[in-house]
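Those protein sequence lines, which keep their order, are chains A and B. What the first sequence shows, in our numbering, is residues 156 to 555, in sequence order. What the second sequence shows, in our numbering, is residues 5 to 544, in sequence order. C-beta: ideal position from N, C-alpha, C; glycine also. Worksheet: one structure, shown below.
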Amino acid sequence: MKNNFKENKNNFKQPLLKTPFYEMFSKEMTQGYWYDWSGYKAASIVQDQELEYFAIRSTASLFDISPLIKYRITGPDTEDFLNKLTIRNVGQQKNNTVQYTIWCDDEGNVLDDGTLFKFNNTSFRLCCQERHLPWFIDTSSGFNVEILEETNLIAGLSIQGPTSAAVLINAGYQSIDQLKPFEMIKVTDDILISRTGFTGDLGYEIFLPNKLSTAVWNNLWKAGEDLGIRAIGFNALNIARIETGFIIANSDFITSEHAVRNNRAKKPDEIGMSWMVDMTKQYFNGKAAIQKARENNENKFIFVALEIDGKEPADGAIIYHNKDLEVGIITAATWSPTAKKSIALATLKLPYGQKIKSNLWVEIYVLRELEYFKMMKKAFIVKAPFVKLSRRNLTPPLRK
Amino acid sequence: MTQKFDAIIIGAGHNGLVSACYLQKAGLNVLVLEKNDWIGGAAVSRELTPNILYSNCSYVCSLFRPEIMRDLELPKHGLQIIGIEGGTVFTKNGDYLASYRNYHSKRREMARFSNKDSEAYERYSRDVTRQCRFIQPLLMRTAPDPASFKLKDISEIFYLIKKFNELTPNQMAETIRFWTMSISDYLDEYFENDVIKASLAVSGIIGTALGPMSPGTAYVLLHHYMGEVDGSIGSWGYARGGMGAITQALSSSFKSLGGTIITESEVTNVLVNNNSAKGVALKNGNEYYSSTIISNADVKRTFLKLVNEKNLPKKFINKVKNFKIRGSSGKVNIGLDSMPEFPAVPKGDPCLKGDIHFTDSIERMERAYDDWKNGTWSKDPFLDMMIPTTTDPTMAPPGKHFMSCFVQYCPPKVYGNDWTEANKEAFGETVVKQIEEYSPSFREKIIHMEIRTPKELENEVGLTEGNIFQGELTFDQLLFNRPIPGYAQYRSPVSGLYICGSSTHPGGGVMGAPGRNAAIEILRDLKKPTKHARSAYEVI
Chain A
156 MKNNFKENKN
166 NFKQPLLKTP
176 FYEMFSKEMT
186 QGYWYDWSGY
196 KAASIVQDQE
206 LEYFAIRSTA
216 SLFDISPLIK
226 YRITGPDTED
236 FLNKLTIRNV
246 GQQKNNTVQY
256 TIWCDDEGNV
266 LDDGTLFKFN
276 NTSFRLCCQE
286 RHLPWFIDTS
296 SGFNVEILEE
306 TNLIAGLSIQ
316 GPTSAAVLIN
326 AGYQSIDQLK
336 PFEMIKVTDD
346 ILISRTGFTG
356 DLGYEIFLPN
366 KLSTAVWNNL
376 WKAGEDLGIR
386 AIGFNALNIA
396 RIETGFIIAN
406 SDFITSEHAV
416 RNNRAKKPDE
426 IGMSWMVDMT
436 KQYFNGKAAI
446 QKARENNENK
456 FIFVALEIDG
466 KEPADGAIIY
476 HNKDLEVGII
486 TAATWSPTAK
496 KSIALATLKL
506 PYGQKIKSNL
516 WVEIYVLREL
526 EYFKMMKKAF
536 IVKAPFVKLS
546 RRNLTPPLRK
Chain B
5 MTQKFDAIII
15 GAGHNGLVSA
25 CYLQKAGLNV
35 LVLEKNDWIG
45 GAAVSRELTP
55 NILYSNCSYV
65 CSLFRPEIMR
75 DLELPKHGLQ
85 IIGIEGGTVF
95 TKNGDYLASY
105 RNYHSKRREM
115 ARFSNKDSEA
125 YERYSRDVTR
135 QCRFIQPLLM
145 RTAPDPASFK
155 LKDISEIFYL
165 IKKFNELTPN
175 QMAETIRFWT
185 MSISDYLDEY
195 FENDVIKASL
205 AVSGIIGTAL
215 GPMSPGTAYV
225 LLHHYMGEVD
235 GSIGSWGYAR
245 GGMGAITQAL
255 SSSFKSLGGT
265 IITESEVTNV
275 LVNNNSAKGV
285 ALKNGNEYYS
295 STIISNADVK
305 RTFLKLVNEK
315 NLPKKFINKV
325 KNFKIRGSSG
335 KVNIGLDSMP
345 EFPAVPKGDP
355 CLKGDIHFTD
365 SIERMERAYD
375 DWKNGTWSKD
385 PFLDMMIPTT
395 TDPTMAPPGK
405 HFMSCFVQYC
415 PPKVYGNDWT
425 EANKEAFGET
435 VVKQIEEYSP
445 SFREKIIHME
455 IRTPKELENE
465 VGLTEGNIFQ
475 GELTFDQLLF
485 NRPIPGYAQY
495 RSPVSGLYIC
505 GSSTHPGGGV
515 MGAPGRNAAI
525 EILRDLKKPT
535 KHARSAYEVI
């Protein structure tokens, strides 16, 4: 197998690598809020978190997704291999589309979620949060496929917001006009654009070879000049993704390979992904375990979206039933600037969230001038997304 | 000269001193007798050449229990454990695999050798961490006697069963496999690359008369890893001032509590009357009396040399004789005029501040073991080399260095004969030659060198056969089987005679847990309070 890392000595000098868009983001960055995303320097805030959020919801935002772990999977058996690996049906996925998916270990516990880009039956790209080469290679035994980790070869940029289509068209990528959600198209030999994103808004993701990063950035920046284009960091994106009800591995659930303690790993049914599991597939990793857990009612948790009284965000808060029995934890929370609500994603211990849905309370501690305001707020289970935007799905896309 | 004490401890090693402190703290009047004119046993810092301190026996503090440091106020008595920066394995082909504290630097370094393995490290860490989390709470508990019907033993057995039951069926199977399999087989389940496997196998063989392909070596790895997963900062590192800083702090703590240490006082035998310990007799003719005698010496030394065989049951003696305590390692300690250069490594690379190895495949480790089995030292030995002066400014003048080379394998006898001076020199030369292969100017930098074969480790430190763990850490010699089934609770067939060294549960390494656990059992027998020995910190 090809190894892209062989020549990289001096690893002690640079614990965090720079992405192909690092220099561009640096130029915009006024505060220096970088964080570690899979070993790359990524922006938390570029200039102003609130304005960056409104770029997502009102104009066009540019977010660097180069640190996504990317695997290129090719070969005659690729589709069969991916059907064994993932819980969704890859055979039903059309060429040139993107499928949000999940893969599990043999115990049916979720190893990660990610997006699967299908070029054709024999060629896919899988983007995800964690690294899985050993698991993929082990699963590929008996299949004629080749798996290449291409994280450091392919740059990625997400453009999200109501004017994002207009920016891309301005930049010369007219063909995106016909893209429906989850479709993708090569706008040049090297540049791939998909109508995907993590914001629940109109938006696209662009994948390109590293060497084109400067040209593409400059092109978009210029095209977006009058369309409110803005470089953004993760903090703003995080608000938008919570509003949409999207989960993040090792934040909203613990991936199986990281779960040291018992009962931390979760089955798809326990993280709100039951809809994905295709039990009609003959075999996939974890199928028997997921089936057994369903038949024997062994699932212990349920994933829910919550609206919470008051305006204080409830990050990490404990959820109580009847204000006294601990029944769950909030994994992500924010004040939604668009819905004007305190919203959260949470995991509840069954039967709470399923048979018992009312009388749920959230304990929130708010530190103000070195004193805590301790409050017990009522929480209501709702259906995500918290913010539903019709422009997300309109084709051709709105230009503003 | 005769004098009476509440308790007498034979040997001022770290476990003896830990026991001494806990007993003295409970109000006993404790005497520690040490044969050498220095204290510390295998945890010492000695100025073997002017101005350079040598950790000439144990060389890294990975396991010393933080609870003990806190109970005995060792930081107040000068003990500081400082973090270690990196580590490296040099390869035959002129490359090196470095290890760094930073997760990403470390992963990408592994990816140079195998991208798959660099990603497999995640699952490996998870699985090893799980095993450590299972075993770590057992360190600070007396192992239960499965044959006993005492309430305490039964409840401890239940504790073990409960701990075990917390595992899923898969994890139970994994645990049993882990405790019994070879480190080589274990690593094969995760990794493909020889260099990466060799770098991880190290902890499975250090101090053990087994090769990486011998069953049981996976557990040895765990024993070395436990310190690392401790979670709290400063649990794995160099003792500032060398390993002697640990025993010096213990000694200072002990003396501040009113305890007495007498050096140059070799105990020749334990006085026994009517199956009860009465005192000790010294080589210099002195006798000290106490009805509580605690031996820090290993189980063989204690029961085959210090106690008259007549006072011990035949079966017990047989078991002691068959206790595995084979010498497998030597030590070469070197004072250096300047920092050795390793041309393969980029300038400024912190990987030289940690453990340095030259064995780049498990195969080479196993071949090194073959030499030992054949009765001689390894011609291509495995070295665990460290230069603590890269991190600790107190051990040598600026620019000068102390280098510790732990060398495996090295037998207690050469082809069945006692070590000769010529053998010893040749053994040292093997080590220097290996280093020279990777650092051509190394030899010129040597100011002073101390070569310790198992013979010196036995004669000077008192470790039988030079075994650094006072007995091998294989499953047949662990928990309620350490050192002898039925005598795993620090007691012996002689009433009032106890052992507190690494021969006892939970075993070797500069951990202090055997000494602490022994003290608690002794205090229970004496009906004294044990509250000053805090329980193990919770593993959450």
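Just so you know, the alpha carbons of Val253 of chain A and Leu206 of chain A end up roughly 30 Å apart.
Listed along the chain, the chain B residues whose CB falls inside 9 Å of the CB of Ile292 of chain A are Lys120.
When only Cα atoms are considered, Ile250 of chain B and Leu83 of chain B end up about 6 Å apart.
According to the DSSP assignment, Leu363 of chain A belongs to no alpha helix (DSSP H) but to the beta strand (DSSP E) extending over 358-364. Counting only Cβ-Cβ distances below 9 Å, Tyr104 of chain B has contacts in chain A at Asn166, Phe167, Pro170, in chain order. Between Arg538 of chain B and Pro289 of chain A, the C-beta gap is not smaller than 8 Å, which leaves the two residues out of contact. Burial check for Ile165 of chain B: the Cβ neighbour count within 10 Å stays below 16, so the residue is exposed. With contacts defined by Cβ atoms closer than 8 Å, Arg371 of chain B and Asp384 of chain B form a contacting pair.
Taking a 10 Å sphere around the C-beta of Trp430 of chain A, we find fewer than 16 other C-beta atoms and assign the residue as exposed. Under the DSSP assignment, Val206 of chain B falls in the alpha helix (DSSP H) whose first and last residues are 198-209. Taking 7 Å as the cut-off between beta carbons, the residues of the stretch 404-422 of chain A near chain B are Glu412, His413, Val415, Asn417, in sequence order.
Just so you know, the alpha carbons of Ala285 of chain B and Gly90 of chain B end up roughly 48 Å apart. Bounds of any beta strand (DSSP E) do not take in Tyr442 of chain B; it lies within the alpha helix (DSSP H) bounded by 425-442. In this structure, the straight-line span from the alpha carbon of Lys110 of chain B to that of Ile360 of chain B is close to 15 Å. In this structure, the beta-carbon distance from Ala378 of chain A to Ala326 of chain A falls below 8 Å.
Comparing C-alpha distances from Thr214 of chain A to each of A:Arg419, A:Gln437, A:Leu323, A:Phe389 shows the shortest one belongs to A:Leu323. In the DSSP assignment, Arg134 of chain B falls within the alpha helix (DSSP H) that extends over 119-139. Taking a Cβ-Cβ cut-off of 7 Å, the neighbours of Asp353 of chain B in chain A comprise Phe167, given in sequence order.
Listed along chain A are Val415, each with a C-beta nearer than 7 Å to that of Thr133 of chain B. The beta carbon of Asp464 of chain A lies closer than 7 Å to those of Lys532, Lys533 in the same chain, with the five residues before and after it left out. Contact annotation for His108 of chain B against chain A: Pro170, Leu171, Gly194 [CB-CB distance below 7 Å, chain order].
For Leu288 of chain A, the uninterrupted alpha helix (DSSP H) run begins and ends at 288-294, by DSSP. With a 10 Å radius around the Cβ and a threshold of 16 neighbouring Cβ atoms, Phe117 of chain B comes out buried. DSSP, read as helix, strand or coil, puts Arg280 of chain A in strand. Taking all protein chains in view, the Cβ of Ala426 of chain B is surrounded by fewer than 16 other Cβ atoms within 10 Å, so the residue is classified as exposed. Taking a Cβ-Cβ cut-off of 8 Å, His476 of chain A has no neighbours in chain B, whose nearest Cβ is about 24 Å from it. When the five nearest sequence neighbours on each side are left out, the beta carbons in the same chain lying within less than 8 Å of the beta carbon of Ala448 of chain A are those of Gly263, Lys422, Asp424, Asn454, in order along the chain.
Here DSSP, grouped into helix, strand and coil, assigns Cys409 of chain B to strand. Sequence-distant partners of Leu367 of chain A (beyond 5 residues in either direction) whose C-beta falls short of 8 Å from its own C-beta, in its chain, are Ala310, Asp345, Ile346. Contact note: Pro317 of chain A does not reach chain B at a C-beta cutoff of 9 Å; the least C-beta distance is about 36 Å.
DSSP, read as helix, strand or coil, puts Trp42 of chain B in coil. In the displayed model, Thr380 of chain B falls within coil according to three-state DSSP, outside both helix and strand.
For Phe389 of chain A, the enclosing alpha helix (DSSP H) covers residues 389-399. In the DSSP assignment, Arg486 of chain B falls outside any alpha helix (DSSP H), carrying neither H nor E. When DSSP states are grouped into helix, strand and coil, Gln329 of chain A belongs to the helix group. Contact annotation: Asp364 of chain B and Val199 of chain B have beta-carbon atoms nearer than 8 Å.
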